[in-house]
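**Q** Under the numbering used here, the sequence shown has 196 at position 125, and the numbering climbs by one with no breaks.
Right, I'll just put the structure down here and ask away after.
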Amino acid sequence: MSGPPPADRDPGRYGRSFADVYDTWYAEVPTDDLVLFVSDRIPPGATVLELGVGTGRVAFPLAAAGFRVIGIDSSNEMLDRLRAKDGAAAVDTLLGDCSDPDTFPVGSADAVLAVYNLLFNLVGDADQERCLQGAARALRPGGVVVIEAFVPDAPDADETSARRRDLVTRSVGPDGVVLIATDADPTTGIVSGSHIEITDTGTRLRPWSVRPFVPAAIDTMARATGLELVERYEDFGGRPFVDGTSSHHVSVYRRAEES
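If you want it as structure tokens, here you go:
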């Protein structure tokens with residue numbers, strides 16, 4: 072493990088960028104299969120620790136299914152919106168950096184969830200491994216860590232050293248246009264981007280960054296923290312994962328001595 076997270080990082084930036092539109096822009100992302108997936112792996116009433124809980128899009132359905140839910144997020148803006156919702160008392164929230172193992176309540180959870188690309192939002196050197204270290208520390212005996220993320224494309228031979236910039240349209244409607252600008256750095260693996268929201272009242276930039284890794288690289292980081300892969304699927308519905316074909320993965324880890 073390397074030293075502490077770099078001082079110039081800004082863990083709360085994503086929340087400041089998207090908290091006010093998150094529930095609107097991502098309202099159609101389903102959670103039913105996720106809840107069933109978790110329910111099949113831990114007992115009723117068990118404790119789930121969700122990393123990057125945001126506005127509660129995953130936490131509320133888990134709480135409704137009878138789980139005790141603890142949510143960590145680095146953004147006060149996200150947590151404020153969660154706490155303002157009906158039923159917020161069912162979710163215990165913590166403000167903290169998911170790349171800091173000391174943020175995680177030790178021995179608190181039967182399942183730790185890092186879903187919808189949460190792990191990739193941690194872009195500092197070794198941030199993702201530190202997150203997995205914290206997740207391993209948070210597990211109770213027999214607990215699981217569940218990671219869901221997209222599978223990044225393998226670069227073409229002529230793209231491995233070339234910086235790539237793209238601009239695509241996310242949405243066009245009567246209230247405005249949203250563009251997505253990205254800048255992929257092949258040296259660091261970090262993709263810096265911004266959602267550019269253009270309306271009749273002006274333009275707003277919503278910056279973000281991700282550092283994607285292929286599943287095998289995540290497995291290597293997990294092993295360094297004492298976790299072993301025990302299951303992998305393409306989605307929460309249990310579709311088989313096909314290396315080189317599947318665009319997403321859902322991976323389940325346990326402590327090595329329990330796998």
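Even glycine gets a Cβ: it sits at the ideal position worked out from N, Cα and C.
(1) Within its chain, find whatever has a CB closer than 8 Å to the CB of G260; leave out the 5 residues flanking it on each side and keep chain order.
(2) Look at the alpha carbon of R310 and the alpha carbon of G273, and state the distance between them as a whole number of angstroms.
(3) Check this for me: beta carbons of V129 and L165, under 8 Å apart or not?
(4) In terms of residues, what are the limits of the beta strand (DSSP E) holding D187?
(5) Let me know the alpha helix (DSSP H) ranges lying completely inside the stretch 199-254, each 4 residues or longer, listed in chain order.
(6) So the candidates are D306, L210, R234, S170; which of them puts its Cα closest to the Cα of D181?
(7) Beta strand (DSSP E) containing L165: first to last residue?
(8) Would you decide whether E328 is buried or exposed? Buried here means 16 or more other CB atoms lie within 10 Å of its CB.
(9) Are the Cβ atoms of H320 and E305 separated by less than 8 Å?
(10) Report all residues from its chain with a CB closer than 7 Å to the CB of A252; omit the five preceding and five following residues, and keep chain order.
**A** By the coordinates alone:
(1) These residues qualify, in order along the chain: R282, P283, F284.
(2) The C-alpha of G273 is placed about 43 Å away from the C-alpha of R310.
(3) It is not a contact, given that the beta carbons lie outside the stated cut-off.
(4) According to the sequence as given, residue 187 is Tyr; it is not Asp. Bounds of any beta strand (DSSP E) do not take in Y187, whose DSSP letter is neither H nor E.
(5) List check, alpha helix (DSSP H) in window: nothing returned.
(6) Nearest option by C-alpha distance: L210.
(7) Per DSSP, the unbroken beta strand (DSSP E) holding L165 starts and ends at 162-166.
(8) Counting other Cβ atoms within 10 Å of its Cβ, E328 stays below 16 and is therefore classed as exposed.
(9) Against a cut-off of 8 Å, the Cβ pair of E305 and H320 comes out as a contact.
(10) Answer for A252: L238, G264, S265, I267, listed in chain order.
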